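Written below as structure tokens is the structure these notes are about.
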Amino acid sequence: MSRSEHDWLREAIELSRSCPVSDTAYSVGAIVVADHGAEVSRGFSRETDCLVHAEEGLLRRLGEQRVDLRGATIYSSLEPCSVRRSRPRSCTQLILAAGISRVVFALREPPLLADCDGAERLRRAGVQVREIPSLGPLVRQVNAHLIGAPAQPAMLN
């Protein structure tokens, strides 16, 4: 049975729970899936050093293996960054350079740390981008240390 994009994205969000907590960076999980539906790689923020982003880490690992990512989808819990202070290339630039043709994420990057427009940059470059906002509250929950927990529904009396 093939997995749905909701399943892959939920798994990326779960992976983000593995991130060491930081007061200056979001916790993000990401998974790359080949066009035939098999997982290629996964990563999470700060997995290998305190500055690595999820997409950056998994793409760096794949670069060593020279994997063809044309037709692949990356599932990232948070919109790929378009601005980096700590590295020369943003995750958006790395995704474009890797040739990934589709990006699915749950939550746009809140403007707390940077003014991100990764989704728009990817679309302009011809990448298919899909946001699944119904999973956004899970990402907010993981990143509650920075952006607060999702609002709880009002109790009915």
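First residue of the sequence shown: 13, per my numbering; consecutive thereafter. We treat Cβ as the ideally placed atom computed from N, Cα and C, and that holds for glycine. A quick note: this is a predicted structure, and the numbers were derived from the prediction, not measured.
With distances taken Cα to Cα, identify the nearest neighbour of residue i among the options.
i, options, result
"Arg82", "Val44, Leu150 and Ser16", "Val44"
"Leu108", "Phe117, Ser98 and Ala131", "Ala131"
"Arg97", "Leu74, Leu21, Leu63 and Leu90", "Leu63"
"Glu23", "Arg54, Gly49 and Asp80", "Arg54"
"Pro149", "Val139, Pro122, Asp129 and Ala137", "Pro122"
"Asp61", "Ala37, Gly138, Glu143 and Arg152", "Ala37"
"Val52", "Ile112, Asp129, Val139 and Leu134", "Ile112"
"Val139", "Cys93, Glu59, Leu27 and Thr104", "Thr104"
"Asp80", "Val151, Asp129 and Ala110", "Ala110"
"Pro92", "Leu147, Glu59 and Glu143", "Glu143"
Please state whether DSSP places residue i in a helix, a strand or coil.
i, result
"Ser57", "coil"
"Gln153", "helix"
"Ile144", "coil"
"Gly69", "helix"
"Arg82", "strand"
"Gly49", "coil"
"Gly130", "helix"
"Gly75", "helix"
"Ala137", "coil"
"Ala37", "coil"
At the level of alpha carbons, what is the spacing between residue i and residue j?
i, j, result
"Arg15", "Asp35", "34 Å"
"Ala118", "Trp20", "11 Å"
"Glu68", "Val141", "18 Å"
"Val154", "Ala50", "26 Å"
"Ile25", "Ser102", "20 Å"
"His65", "Asp47", "23 Å"
"Pro100", "His18", "32 Å"
"Ser88", "Leu158", "18 Å"
"Gln77", "Arg135", "27 Å"
"Ala137", "Ile86", "15 Å"
"Arg114", "Val40", "18 Å"
"Ser57", "Leu106", "15 Å"
"Ala84", "Leu27", "19 Å"
Does at least one heavy atom of the ligand ADP sit under 7 Å from the Cβ of residue i?
i, result
"Asn155", "For the ligand ADP, the structure offers nothing, since it holds no ligand at all."
| field | Ranges of the alpha helix (DSSP H) found wholly within the stretch 85-128, counting only runs of at least 4 | value | 103-110
| Would the stretch 72-80 and the stretch 22-33 be scored as touching if the rule is three or more Cβ pairs under 8 Å? | no
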